[in-house]
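> For the record, in the sequence shown the residue sitting at position 309 is 314 according to UniProt numbering, with numbers rising by one throughout. Cβ coordinates follow ideal geometry from the N, Cα and C atoms, glycine included. From a predicted model like this one, the values you see are computed outputs, not experimental measurements. I'd like to ask you about the structure that follows.
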Amino acid sequence: PRKIIIDTDPGQDDAVAILLALASPEELEVLGIVAVAGNVGLHHNANNARKVVELSGRTDIPVYAGCARPMRRHLVTAEHVHGDTGLNGPVLPDPTIPLQEQHGVDFIIETLMNAEPGTITLCTLGPLTNIAMALVKEPAIAERIQEIVMMGGAYFEVGNITPAAEFNIYVDPEAADVVMRCGAPITIQPLDVTHMIQSTPARLDAIRALGNRSGQAVYDMLTFSESFDLKKYGWEGAPLHDPTVIAWLLQPELFQGRHCNVTIETSSELTVGMTICDYWHVTGRAYNATWLRSGNAEGFYKLLTERLARLP
Ligand code: BDR
Ligand code: CA
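This is the structure in structure tokens:
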């Protein structure tokens with residue numbers, strides 16, 4: 006299986022992504038989960054990551070805490086979407102597995118430096134602070150990363166936290182800039198894709214009907230975070246973001262995109278955090294990412310539902 010580290014700020018949709026990965030051990034070996042400040046503060050995010058690991062039954066997966074704030078800016082959070090704990094909705098017991106003592110950034114560096122180059126993929130589901138800090142502390146990791154697969158940014162669907170910017174990039178645009186320039190292969194799941202992957206009532210009902218604890222928890226999580234998005238967009242279902250990162254690793258044929266240059270706006274007050282995606286190749290800027298632009302929602306929910314059925 007492909008070795009991955011999940012860097013995350015759970016978050017209901019992050020939690021679903023973690024469950025999808027842990028339900029897919031034939032394809033993915035999760036080496037560790039690293040929390041970052043984002044949707045809510047680091048303490049809650051690290052706690053939530055441990056709760057989700059326990060829900061999946063995979064208590065062998067180590068959970069680390071990374072950075073408590075962005076590189077340069079004050080932390081912007083999203084309690085209005087995710088609730089005060091970041092994972093409101095399901096009733097999950099307090100975690101019993103320990104938080105690892107090692108700092109999450111050091112775990113990322115150590116894991117990459119001790120592995121064969123090109124064998125570890127970083128899946129990023131939150132602001133890019135931990136990955137950027139790891140690149141700053143040990144630049145030699147860049148050429149050892151197999152791939153960075155991130156949920157972040159938007160181009161055709163513009164922004165969700167400001168008119169121009171997507172939340173994960175907006176929270177720490179300097180970190181996103183460091184990551185986009187690092188030279189490792191990068192694949193991006195932007196809002197352009199995640200707005201197509203809508204959690205309609207029928208799709209959520211099918212997940213609840215699995216009858217297991219995990220299916221019920223996913224139903225409760227997404228019903229909670231949806232209540233905000235459904236009002237905001239007026240669609241039949243809310244967008245589902247972070248699990249697309251894991252789905253792309255499992256079934257890349259569900260998504261379409263192209264190789265191009267992606268640059269992060271870090272200075273303009275109006276558009277800070279915007280991902281400038283040269284999708285039509287109108288500049289000569291070197292390609293640094295694969296920008297996904299569309300996804301097959303039916304295929305995605307079939308995969309998600311099948312995999313969740315394997316969990317307790
Ligand atoms: C991203 O922001 C967070 O609130 C979600 O978990 C997702 O990672 C979507 O913009
Ligand atoms: Ca997230």
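Do you know how far the Cα of Asn217 is from the Cα of Ile174?
Along the sequence shown, one-based indexing puts residue 174 at 169. Along the sequence shown, one-based indexing puts residue 217 at 212. Using only the alpha carbons, I get a separation of about 35 Å.
> Would you list the residues sitting across from Trp296 in a DSSP beta bridge?
Here residue 296 refers to the residue found at position 291 when the sequence shown is read from its first residue. Partner(s): Ile193, Arg263.
> Rounded to a whole number of angstroms, what is the C-alpha to C-alpha distance between Thr124 and Lys8?
The residue you call residue 124 lines up with position 119 of the sequence shown. The residue you call residue 8 lines up with position 3 of the sequence shown. Rounded to the nearest angstrom, the two C-alpha atoms are 7 Å apart.
> Could you check whether the Cβ of His246 sits closer than 7 Å to any heavy atom belonging to ligand 1?
Position 241 of the sequence shown, counted from the first residue, corresponds to residue 246. Checking the Cβ of His246 against ligand 1 gives yes.
> For Ser204, write down the residues that DSSP places opposite it in a beta bridge.
Reading the sequence shown from its first residue, position 199 is the one you call residue 204. Per DSSP, Ala243.
> Taking the CB atoms as reference points, tell me whether Leu259 and Asp18 lie closer together than 8 Å.
As a working note, residue 259 is residue 254 in the sequence shown. As a working note, residue 18 is residue 13 in the sequence shown. Cβ distance not < 8 Å, so Leu259 and Asp18 don't count as in contact.
> Does His286 pass the burial test, meaning 16 or more other C-beta atoms within 10 Å, or should it be called exposed?
Along the sequence shown, read from residue 1 onward, the residue named residue 286 stands at position 281. When all chains shown are included, His286 counts as exposed.
> Give the single residue among Met156, Cys282, Val176 whose Cα lies nearest to the Cα of Ile251.
Reading the sequence shown from its first residue, position 246 is the one you call residue 251. Ranking the options by Cα distance to Ile251, first place goes to Met156.
> Could you tell me the boundaries of the beta strand (DSSP E) in which Arg7 lies?
Position 2 of the sequence shown holds residue 7. Note, Arg7: beta strand (DSSP E), 7-13.
> Does any heavy atom of ligand 1 sit closer than 7 Å to the C-beta of Gly16?
By 1-based counting over the sequence shown, the position of residue 16 is 11. Yes; taking the cut-off as 7 Å, the Cβ of Gly16 has a heavy atom of ligand 1 nearer than that.
> Alpha carbon to alpha carbon, how far is Lys142 from Asp111?
Position 137 of the sequence shown holds residue 142. Position 106 of the sequence shown holds residue 111. For Lys142 and Asp111, the distance between alpha carbons rounds to 9 Å.
> Apart from the five residues just before and just after Asn53, which ones in its own chain have a Cβ nearer than 6 Å to its Cβ?
Indexing the sequence shown from 1 puts residue 53 at position 48. Within the same chain, Asn53 has close Cβ partners Pro15, Gly91, Leu92.
> I believe Leu25 touches Arg55 by the beta-carbon criterion, under 8 Å. Please report the beta-carbon distance rounded to the nearest angstrom.
The residue labelled residue 25 in the question sits at position 20 within the sequence shown. The residue labelled residue 55 in the question sits at position 50 within the sequence shown. In fact, because the Cβ distance is near 18 Å, the residues do not count as touching under 8 Å.
> Let me know the secondary structure DSSP gives Glu34 once reduced to three states.
What you label residue 34 is simply residue 29 of the sequence shown in a count that begins at 1. It is a strand residue.
> Starting from Glu303 and walking both ways along the alpha helix (DSSP H), at which residues does that stretch end?
Position 298 of the sequence shown, counted from the first residue, corresponds to residue 303. Segment 302-313, the alpha helix (DSSP H) holding Glu303.
> Contact check, Ile193 vs Leu297 under 8 Å by CB: the rounded distance?
Taking the sequence shown and counting its residues from 1, one reaches residue 193 at position 188. Taking the sequence shown and counting its residues from 1, one reaches residue 297 at position 292. Indeed, because the Cβ distance is near 6 Å, the residues count as touching under 8 Å.
> Please classify Met156: does DSSP put it in a helix, a strand, or coil?
Locating residue 156 in the sequence shown gives position 151, where the first residue counts as 1. Strand at Met156.
> Count the other CB atoms, across all protein chains shown, that sit within 10 Å of the CB of Leu196; report buried if there are 16 or more and exposed otherwise.
The count along the sequence shown starts at 1 and reaches residue 196 at position 191. Counting Cβ neighbours within 10 Å, Leu196 comes out buried, since at least 16 surround it.
> For Leu313 and Gln261, I'd like the C-alpha separation in whole angstroms.
For this step, residue 313 is matched to residue 308 along the sequence shown. For this step, residue 261 is matched to residue 256 along the sequence shown. Cα-Cα distance, rounded: 24 Å.
> In the DSSP output, which residue or residues are listed as bridge partners for Leu127?
In the sequence shown, residue 127 corresponds to position 122, counting from 1. In the DSSP output, where bridge partners are listed per residue, Leu127 has Ile10, Ile153.
> First and last residue of the alpha helix (DSSP H) that includes residue 1?
Limits of the chain in this structure are 6 at one end and 317 at the other, which puts residue 1 out of reach.
> Can the beta-carbon of residue 3 be found closer than 8 Å to that of Asp225?
Given that the chain is displayed from residue 6 to residue 317, the structure contains no residue 3 and the question cannot be resolved.
> In terms of residues, what are the limits of the alpha helix (DSSP H) holding Tyr238?
Counting from one through the sequence shown, the residue named residue 238 turns up at place 233. Its alpha helix (DSSP H) spans residues 218-238.
> Should Met118 be labelled buried (16 or more other beta-carbon atoms within 10 Å of its own) or exposed?
Taking the first residue of the sequence shown as position 1, residue 118 is located at position 113. So Met118 ends up on the exposed side.
> Less than 7 Å between the CB of Gly123 and some heavy atom of ligand 2, yes or no?
One-based indexing of the sequence shown puts residue 123 at position 118. False, no ligand heavy atom lies under 7 Å from that Cβ.
> Within 10 angstroms of its Cβ, does Ser230 collect 16 or more other Cβ (buried), or is it exposed?
Here the question's residue 230 lines up with position 225 in the sequence shown. It is buried - the Cβ of Ser230 has at least 16 other Cβ atoms within 10 Å.
> I want to check one thing, is the minimum distance from the CB of Val96 to the heavy atoms of ligand 1 below 7 Å?
The count along the sequence shown starts at 1 and reaches residue 96 at position 91. Because no heavy atom of ligand 1 lies under 7 Å away, the Cβ of Val96 does not count as near it: no.
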